[in-house]
């Protein structure tokens, strides 16, 4: 039987990767003009706030959301 990673480690790495990708997305969106952001119904101030948020905090929010969704299921 092949060795497997601990499930917790795999989930931890996934959480950090998703948080990093979100922050990259926020940085890309901040390059758009205000008109382009308005068309997408996005707020520049909110994007700046999310982009400056530490990865640790983004990961914690993801885990909280996932925990709440699992509790409701």
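In my numbering, the protein residues as written are 5 to 77. Idealized CB from N, CA, C, for every residue including glycine. Predicted model only: the values in this text are computed from it and were never measured.
Contacting residues, own chain, Cβ-Cβ under 8 Å from residue i (five flanking each side not counted)
| i | result |
| --- | --- |
| residue 31 | 55 |
| residue 48 | 34, 38, 41 |
| residue 9 | none |
Residue range of the alpha helix (DSSP H) that includes residue i
| i | result |
| --- | --- |
| residue 9 | No alpha helix (DSSP H) contains residue 9, which DSSP labels as neither H nor E. |
Cutoff 7 Å; reference residue i; Cβ partners in own chain excluding five residues on either side
| i | result |
| --- | --- |
| residue 19 | 63, 66, 67 |
Anticipated Cβ contact below 8 Å, residue i with residue j, distance rounded
| i | j | result |
| --- | --- | --- |
| residue 51 | residue 27 | With a Cβ gap of about 11 Å, residue 51 and residue 27 do not count as contacting. |
Mind the definition here: the region 60–70 touches the region 11–27 only if three or more C-beta pairs lie below 8 Å; say whether that holds. Yes, the region 60–70 touches the region 11–27.
Mind pulling the alpha helix (DSSP H) runs of 4 or more residues that sit fully within the region 11–49? If we require 4 residues or more, the alpha helix (DSSP H) runs fully inside the region 11–49 come out as 11–33, 38–43.
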